[in-house]
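Student: Here it is: the structure, laid out below.
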Amino acid sequence: MAAEPSPARSGQLDPSVPPSADPDSLQAAEGPGRTPGERRPRPRSGLSYALLGPAFVAAIAYVDPGNFATNVQAGATFGPLLLWVLLTANVVAMLLQYLSAKLGVATGKSLPQLCRARYRRPVVWGLWAQAEAVVVMTDLAEVVGGAIALHLLFGLPLWLGGLVIGAASLVLMPMRGRGRRRFEVLMAASLACLLALFLSQVLGTGAPLSTAADGLVPRLSGAESLVLAGGIVGATVMPHVIYLHSALTSDRYSLSLAPRSAGRESGGPPDDDRDRPLRHRLLRHVRADVLIAMSLAGAVNVALLVSAATLFHPDAPEAADSLAAAHGAYERLVGPMAALAFALALLVSGLAGTSVGMYAGEVVMGGFLGRRISVLLRRLLTMAPALVVLAAGGSPTGSLVMSQIILSFGIPFALIPLVLLTRDPTVMGRWVNRRATTVCAWMVSAVVVALNVALLVSVFSG
Numbered sequence: 058m059a060a061e062p063s064p065a066r067s068g069q070l071d072p073s074v075p076p077s078a079d080p081d082s083l084q085a086a087e088g089p090g091r092t093p094g095e096r097r098p099r100p101r102s103g104l105s106y107a108l109l110g111p112a113f114v115a116a117i118a119y120v121d122p123g124n125f126a127t128n129v130q131a132g133a134t135f136g137p138l139l140l141w142v143l144l145t146a147n148v149v150a151m152l153l154q155y156l157s158a159k160l161g162v163a164t165g166k167s168l169p170q171l172c173r174a175r176y177r178r179p180v181v182w183g184l185w186a187q188a189e190a191v192v193v194m195t196d197l198a199e200v201v202g203g204a205i206a207l208h209l210l211f212g213l214p215l216w217l218g219g220l221v222i223g224a225a226s227l228v229l230m231p232m233r234g235r236g237r238r239r240f241e242v243l244m245a246a247s248l249a250c251l252l253a254l255f256l257s258q259v260l261g262t263g264a265p266l267s268t269a270a271d272g273l274v275p276r277l278s279g280a281e282s283l284v285l286a287g288g289i290v291g292a293t294v295m296p297h298v299i300y301l302h303s304a305l306t307s308d309r310y311s312l313s314l315a316p317r318s319a320g321r322e323s324g325g326p327p328d329d330d331r332d333r334p335l336r337h338r339l340l341r342h343v344r345a346d347v348l349i350a351m352s353l354a355g356a357v358n359v360a361l362l363v364s365a366a367t368l369f370h371p372d373a374p375e376a377a378d379s380l381a382a383a384h385g386a387y388e389r390l391v392g393p394m395a396a397l398a399f400a401l402a403l404l405v406s407g408l409a410g411t412s413v414g415m416y417a418g419e420v421v422m423g424g425f426l427g428r429r430i431s432v433l434l435r436r437l438l439t440m441a442p443a444l445v446v447l448a449a450g451g452s453p454t455g456s457l458v459m460s461q462i463i464l465s466f467g468i469p470f471a472l473i474p475l476v477l478l479t480r481d482p483t484v485m486g487r488w489v490n491r492r493a494t495t496v497c498a499w500m501v502s503a504v505v506v507a508l509n510v511a512l513l514v515s516v517f518s519g
């Protein structure tokens, strides 16, 4: 995807990690400076598993409760019709997450930091405001989804379930502070748990391959399918983790092989080329990280949509009304264990997703504004809209789907700066995008903007 040189054969680089870098950084896997007792990776291995992880944190956002709501609604209402939208959105997400991760590796800075360094203040403040709105909408989906899960499992009132989810996320955040690797392992385990639960659902329903094949032909069926397609895009391409992924890789793969000039501090490419072979090796790991994590997330979403299409369309259309109705339909059509698996998966996705959302909120404010607020204050501010929705007694599932539609409008504001920066040789140096990569990214931007315009026309025209 990027114009990346062949690495030198020496392989004798000995990077030192700056004090601010994460202790579970590149050095722990690639060379001297490992923590005491840590095993040295096998030289014959072409892939160091110690370097996998950032993409798994990002991938959690692609299997959040918003995905549950939109995929169940899409499958129950239209069968497998919109499967092609889901698969396309997942491929697009792979491209965007790779570009974000590559930006962090190539520059040592996050996307918000580079925007602050290179754009005028009004633009930066505008980007920050919409990014915070994206984080709030994301958190609404996670908290509402987790509250629904607690209601299904234990009968808790929705507002109380929302408070429990918010408090639980505060417990998880210190884990990330004590060691990013632990947080990454927890998110990877959550993703594996979700995949196992939904694969069991698909196997339990006996969904034929023809069900999935029917959804591979690109087509829509009326305005409602267009709205759901927009919701799938909003749920599958998550703007907040585009910001977050660049920060994860810039921190995790921080290098200090040589002094950086003022040009580097203003967002330019590395001034010293001695780290090129190592960066090339890092980008190989980044590609593997993104491919594995996003493939797993895509498999979860496909399993969810296909199982909903097989079970609920057209015999149980009421499952599209709410996640609670879908839970009841699983119990009635498959059995109590299937319903329990669905509720547990919803709880895991809500807890993991809200933790990732809080992390992204820190990156957004710190990168765009250079400021930070306490974790508790951020938790209260982002959770407030979700608690209002839950206490008001409206449709929580409807608010989930609407949040995903709103999120789709935030995608261009993350995507366009990402493409502009990764195509700029003054930012990326020799790691600048290939022309074909840039063309694909601009095409994705155009399609997303066109979809948003079509959604607006559809909504306001009734």
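Mind the numbering: the sequence shown is residues 58 to 519 in the numbering used here, read in order. Just so it is clear, CB atoms sit at the ideal spot from N, CA and C, and this is done for glycine as well.
1) Report back the beta-carbon spacing between SER189 and VAL421 to the nearest angstrom; my notes put them in contact at under 8 Å.
2) Taking C-alpha atoms, which residue in LEU138, VAL120, LEU168 and ALA493 lies nearest to LEU426?
3) Taking PRO371 as the reference, give the member of GLY183, GLY132 and ALA409 with the closest Cα.
4) Near GLY520, what residues of its chain come up, given a Cβ to Cβ distance below 8 Å and the 5 sequence neighbours on each side ignored?
5) Starting from ARG336, trace the alpha helix (DSSP H) both ways and give me its first and last residue.
6) Rounded to whole angstroms, what's the CA-CA distance from ASN147 to ARG333? Just pull it up for me.
7) ALA382: which of HIS297, ARG309 and HIS208 sits nearest, CA to CA?
8) At a cut-off of 7 Å, would you count LEU403 as near the ligand ADP, judging by its Cβ distance to the nearest heavy atom?
9) Could you give the first and the last residue of the continuous alpha helix (DSSP H) run that contains LYS159?
10) Exposed or buried, ARG488, counting other C-beta atoms within 10 Å across all chains shown (16 or more means buried)?
11) From THR411 to LEU301, what distance separates their C-alpha atoms?
12) For GLY288, which residues of its own chain have a beta-carbon under 6 Å away from its beta-carbon, when the five flanking residues on both sides are left out?
13) Quick check: GLY486 and ALA163, are their CB atoms within less than 8 Å of each other?
14) Pick helix, strand or coil for SER102, following the three-state DSSP scheme.
15) Taking Cβ to Cβ, would you say LEU361 is nearer than 8 Å to MET151?
16) Under the assumption that GLY36 contacts LEU438 (Cβ atoms under 8 Å), give the Cβ distance between them as a whole number of angstroms.
17) Out of THR306, GLN258, VAL221 and LEU139, state which residue places its alpha-carbon closest to the alpha-carbon of GLY279.
18) VAL200 to LEU401, Cα distance in whole Å?
19) Is GLU241 buried or exposed, if buried means 16 or more other CB atoms sit within 10 Å of its CB?
20) Using alpha carbons as the reference points, say which of ARG173, ALA350 and ALA246 lies closest to TYR119.
21) What residues in its chain sit with their C-beta under 8 Å from that of MET415, if we drop five residues either side in the sequence?
22) Quick check: the Cα distance between THR494 and ALA158, rounded to an integer number of angstroms?
23) Would you decide whether LEU380 is buried or exposed? Buried here means 16 or more other CB atoms lie within 10 Å of its CB.
24) Roughly how many angstroms separate the alpha carbons of SER465 and ARG389, rounded to a whole number?
25) CB-CB under 6 Å to PRO296, same chain, minus the five flanking residues each way: which ones, in chain order?
Tutor: So, to answer that:
1) In the sequence as displayed, the identity of residue 189 is Glu instead of Ser. Confirmed, about 6 Å.
2) Ranking LEU138, VAL120, LEU168 and ALA493 by Cα distance to LEU426 puts LEU168 first.
3) It is GLY132.
4) Nothing can be reported for residue 520: it is not among the residues displayed for the chain, which extend from 58 to 519.
5) ARG336 -> alpha helix (DSSP H) spans 333-369.
6) Rounded to the nearest angstrom, the two C-alpha atoms are 30 Å apart.
7) Here the closest residue by C-alpha is HIS208.
8) For the ligand ADP, the structure offers nothing, since it holds no ligand at all.
9) Residue range 140-164 is occupied by the alpha helix (DSSP H) that includes LYS159.
10) Position check: residue 488 holds Trp in this sequence, whereas Arg was assumed. Under this definition TRP488 is a buried residue.
11) If you take the alpha carbons of THR411 and LEU301, they lie about 13 Å apart.
12) Apart from the 5 residues on each side of it in sequence, GLY288 sits with its Cβ closer than 6 Å to the Cβ of THR127, VAL458, GLN461 and ILE462 in its chain, given in chain order.
13) It is a contact, given that the beta carbons lie within the stated cut-off.
14) Annotation note: pLDDT 43 at SER102 (below 50); position unreliable, no value reported.
15) The Cβ atoms of LEU361 and MET151 lie no closer than 8 Å to each other.
16) Outside the shown range of the chain, which is 58 to 519, sits residue 36, and nothing can be said about it.
17) Nearest option by C-alpha distance: LEU139.
18) Their backbone Cα atoms lie some 14 Å apart in a straight line.
19) By the 10 Å Cβ count, GLU241 comes out buried.
20) Distances from the CA of TYR119 to each of ARG173, ALA350 and ALA246 were compared; the closest alpha carbon is that of ALA350.
21) Cβ-Cβ distances below 8 Å link MET415 to ASP196, SER226, MET230, VAL432, ARG435, ARG436 and THR439 in the same chain, with the five nearest sequence neighbours on each side left out; the list follows chain order.
22) Each residue's Cα considered, the two are about 15 Å apart.
23) By the neighbour-count rule (16 or more Cβ atoms within 10 Å), LEU380 is buried.
24) One C-alpha to the other measures close to 34 Å.
25) Once the five neighbours on either side are set aside, the close Cβ partners of PRO296 are VAL191, GLY467, ILE468 and ALA471.
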